[in-house]
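Novice: Going from the sequence shown to my numbering is simple: count from 1 and add 6. Where is the CB? At the ideal position from N, CA and C, for every residue including glycine. Submitted below is the structure of interest, expressed as structure tokens.
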Amino acid sequence: MESVTVDLGSRSYPILIGDGLIRDIGAHVAPLLKRPRTMIVTDRNVADHYLMPVGASLGAEGIGFSSFVLPTGEGTKSWDGLARLTEWLIGEGIERSDHVIALGGGVIGDLVGFACSIVKRGCGFIQVPTTLLAQVDSSVGGKTAINVAAGKNLIGAFHQPALVVIDPATLGTLPRRELGAGYAEVVKYGLIDDAAFFAWCEDHGAALLAGDSAARHKAIAHSVAAKARIVAADERETQDVRALLNLGHSFGHALEAETGYSNRLLHGEAVAAGMVLAHQFSAANGLCPPEDAARVRDHLASVELPHSLASAGVNSGGAALAAHMAHDKKVRGGKLPLILTRGIGRSFVTEDYGLDKVVAFLDGSPAA
Ligand code: NAD
Ligand code: GLY
Numbered sequence: 007m008e009s010v011t012v013d014l015g016s017r018s019y020p021i022l023i024g025d026g027l028i029r030d031i032g033a034h035v036a037p038l039l040k041r042p043r044t045m046i047v048t049d050r051n052v053a054d055h056y057l058m059p060v061g062a063s064l065g066a067e068g069i070g071f072s073s074f075v076l077p078t079g080e081g082t083k084s085w086d087g088l089a090r091l092t093e094w095l096i097g098e099g100i101e102r103s104d105h106v107i108a109l110g111g112g113v114i115g116d117l118v119g120f121a122c123s124i125v126k127r128g129c130g131f132i133q134v135p136t137t138l139l140a141q142v143d144s145s146v147g148g149k150t151a152i153n154v155a156a157g158k159n160l161i162g163a164f165h166q167p168a169l170v171v172i173d174p175a176t177l178g179t180l181p182r183r184e185l186g187a188g189y190a191e192v193v194k195y196g197l198i199d200d201a202a203f204f205a206w207c208e209d210h211g212a213a214l215l216a217g218d219s220a221a222r223h224k225a226i227a228h229s230v231a232a233k234a235r236i237v238a239a240d241e242r243e244t245q246d247v248r249a250l251l252n253l254g255h256s257f258g259h260a261l262e263a264e265t266g267y268s269n270r271l272l273h274g275e276a277v278a279a280g281m282v283l284a285h286q287f288s289a290a291n292g293l294c295p296p297e298d299a300a301r302v303r304d305h306l307a308s309v310e311l312p313h314s315l316a317s318a319g320v321n322s323g324g325a326a327l328a329a330h331m332a333h334d335k336k337v338r339g340g341k342l343p344l345i346l347t348r349g350i351g352r353s354f355v356t357e358d359y360g361l362d363k364v365v366a367f368l369d370g371s372p373a374a
């Protein structure tokens, strides 16, 4: 088992990584509990695979639990999902010192984290991520939220978990498409500030996606260590450090909005295409060597991730896409900070490029 710490002073917490870890989860949860009781929240798919082993492990440590199984899908991260979950937690007699277990992907993690930030004015929670995206990104760092009619993740809070337990073996049941979407977030860490890790991804990405457990473990451990460093440096995204985690997200957000936040394009798939566009836009503006932009496109294409507007299934013009970007929640004083790059592993935040430049670029962006 490997352990990475998110260093936030008195709110620091460990991220444990190891194959088969959920079968021993009780032993890791027990020291956090003031009374031998917890509540597991999960979704239907994940419950079918992992609720029993997690429950058995808690039982073996003498920890009583109840469980709440929510419908699968982004729609659960909603006012309705939040109302149902918070009412259930209160009905279960939750106390402030309790820790709720979020067992699932980013949808469950974000919803449970937000519920736990407000129930009884805040209680504890533990992230047990079961998608690659959640294992390398959303379970770490304390961003929690639900979606509302005006947009995704617009209502939320920063609320850090007390523990993150990552069992890479759970990826064995994850559909290949979800795995690919999570892999885009792995590649992102290389592109932000770690060219050597991007090169590792070029060499090992295909094996990781095909099921190589050593490659999965290495990618997860490397990614969470990077995320832990970034979160410790800029927990609330006030210093342009955590903002780098949004590489590819401004372009990606426009693609997700244009495809209706639907199964047509998963979040990680939009980020993949968005990262290619961010590199190509940087190259078009003389910031990044064109060969670096080509490497990013070629690698993501090689693992069958979207790498262009067309492969993302979007044929809208630049103006329509830029209109979505203008509504991004990262807009500051009317300006949209973009994460651009001087090359692989050399990303930075800038407000120097107006949406007019983005529109012109998208209208002429490479077709494939
Ligand atoms: P998800 O939680 O919807 O999970 C994807 C699908 O995989 C679901 O159908 C789920 O039931 C299924 N699943 C999960 N684990 C499984 C397993 N081991 N085996 C079989 N099926 C499994 O999606 P996601 O991609 O994990 O998360 C997306 C969400 O994460 C979005 O709402 C996004 O906004 C959020 N997010 C949050 C952050 C953050 O920092 N908080 C960062 C990135 C994304
Ligand atoms: N996933 C972006 C962040 O945690 O800041």
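Could you tell me whether the region 255 to 263 touches the region 117 to 126, where touching means 3 or more Cβ pairs closer than 8 Å?
Specialist: They do not touch, by the three-pair rule.
Novice: Figure out for me which residue from A140, A66 and G188 has the closest Cα to the Cα of G112.
Specialist: Checked all of A140, A66 and G188; the closest Cα to G112 is A140.
Novice: Nearest to L95 by alpha carbon, out of S353, V75, K233 and G266?
Specialist: Here the closest residue by C-alpha is V75.
Novice: In terms of residues, what are the limits of the alpha helix (DSSP H) holding E93?
Specialist: It spans W85 to G97 - the alpha helix (DSSP H) in which E93 sits, taken as one unbroken run.
Novice: Do S256 and the ligand MN come close, with the Cβ less than 8 Å from some heavy atom?
Specialist: The ligand MN is not part of the structure shown, which contains the ligand NAD and the ligand GLY as its ligands.
Novice: Residue ranges of each alpha helix (DSSP H) run of no fewer than 4 residues wholly in the region 190 to 241, ordered along the chain?
Specialist: Qualifying alpha helix (DSSP H) stretches, in chain order: 201 to 216 and 219 to 239.
Novice: What are the complete alpha helix (DSSP H) segments, minimum 4 residues, inside the region 276 to 327?
Specialist: Runs found: 296 to 308.
Novice: Hey, L311 and G266: beta-carbon distance below 9 Å or not?
Specialist: Going by C-beta atoms, L311 is not nearer than 9 Å to G266.
Novice: For the alpha helix (DSSP H) holding G61, just list the boundary residues, first then last.
Specialist: Start and end: M58 to A66.
Novice: For A142, which three-state DSSP category applies?
Specialist: Note on identity: in this sequence residue 142 is Val, with Ala being the wrong assignment. In the structure shown, V142 sits in a helix (DSSP, three-state: H, G or I).
Novice: If you drop the 5 nearest sequence neighbours on each side, which residues of the same chain put their C-beta closer than 8 Å to that of L342?
Specialist: So the list reads S256, M331, A332, D334, K336, E357 and L361, once near-sequence residues are dropped.
Novice: Rounded to whole angstroms, what is the Cα-Cα separation between V247 and Y195?
Specialist: V247 and Y195: Cα-Cα distance of roughly 13 Å.
Novice: Taking only heavy atoms of the ligand NAD into account, decide whether any of them is closer than 8 Å to the Cβ of R50.
Specialist: True, at least one ligand heavy atom lies under 8 Å from that Cβ.
Novice: By the three-class DSSP mapping on this structure, what secondary structure does L38 have?
Specialist: Here L38 sits in helix by DSSP.
Novice: Whole angstroms is fine: what's the gap from K40's alpha carbon to F131's?
Specialist: Each residue's alpha carbon lies about 13 Å from the other.
Novice: DSSP three-state label for D100, please.
Specialist: First, the residue type needs correcting, since residue 100 is Ile and not Asp in the sequence shown. Three-state DSSP puts I100 in coil, outside helix and strand.
Novice: Are the beta-carbon atoms of A108 and E67 separated by less than 9 Å?
Specialist: Going by C-beta atoms, A108 is not nearer than 9 Å to E67.
Novice: Cα-Cα, which of A212, A239, S84 and V146 is closest to Q166?
Specialist: Minimum Cα distance to Q166 is reached at V146.
Novice: Please tell me whether S63 and I28 are closer than 9 Å, where the distance is taken between their beta carbons.
Specialist: Result yes, Cβ atoms of S63 and I28 sit closer than 9 Å.
Novice: Examine the Cβ distances between the region 53 to 63 and the region 16 to 28 and report whether three or more of them are shorter than 8 Å.
Specialist: Segments in contact, yes.
Novice: Reducing DSSP to helix, strand and coil, say where A332 ends up.
Specialist: The answer is helix: DSSP assigns A332 an H, G or I state.
Novice: Any idea if L160 is buried or exposed, counting beta-carbon neighbours within 10 angstroms, 16 or more meaning buried?
Specialist: By the neighbour-count rule (16 or more Cβ atoms within 10 Å), L160 is not buried but exposed.
Novice: Work out the CA separation of V154 and A202 for me, nearest whole Å.
Specialist: Rounded to whole angstroms, A202 to V154 spans 39 Å at the Cα level.
Novice: Identify whether G162 lies in helix, strand or coil by the three-state DSSP scheme.
Specialist: In the structure shown, G162 sits in a strand (DSSP, three-state: E or B).
Novice: The ligand GLY and K336: does the residue's C-beta get closer than 8 Å to at least one heavy atom of that ligand?
Specialist: No, the ligand GLY has no heavy atom inside 8 Å of this Cβ.
Novice: In angstroms with no decimal places, state the Cα-to-Cα distance between T48 and K363.
Specialist: Cα to Cα, the separation comes out at about 43 Å.
Novice: Starting from the C-beta of R17, find all residues in its chain whose C-beta is less than 7 Å away, skip the five residues before and the five after it, and write them out in chain order.
Specialist: Excluding sequence neighbours, R17 sits near Q166.
Novice: Is E80 near the ligand GLY, judged by its Cβ being under 8 Å from some heavy atom?
Specialist: Checking the Cβ of E80 against the ligand GLY gives no.
Novice: Can you find the residues in the same chain that come closer than 8 Å, C-beta to C-beta, to L22, ignoring five residues on each side of it along the sequence?
Specialist: Counting only Cβ-Cβ distances below 8 Å, and skipping sequence neighbours, we find M7, E8, S9, H34, L169, V170, V171 and I172.
Novice: Would you tell me roughly how many angstroms separate the C-alpha atoms of F287 and A53, rounded to the nearest one?
Specialist: When rounded, the distance between both Cα atoms is 42 Å.
Novice: Among the candidates I198, G217 and E243, whose CA atom is the shortest distance from the CA of S229?
Specialist: Out of I198, G217 and E243, I198 has the C-alpha closest to the C-alpha of S229.
Novice: Return helix, strand or coil for P343, following the three-state DSSP convention.
Specialist: P343 falls in the coil class under three-state DSSP.
Novice: Is the beta carbon of Y56 within less than 8 Å of some heavy atom of the ligand NAD?
Specialist: Yes, the Cβ of Y56 comes within 8 Å of a heavy atom of the ligand NAD.
Novice: Quick one: what's R338 bridged to in DSSP?
Specialist: Note: R338 sits in a beta bridge opposite K341.
Novice: If we count Cβ pairs, one from each stretch, closer than 8 Å, do we get three or more for the region 174 to 186 versus the region 218 to 234?
Specialist: Yes, they touch.
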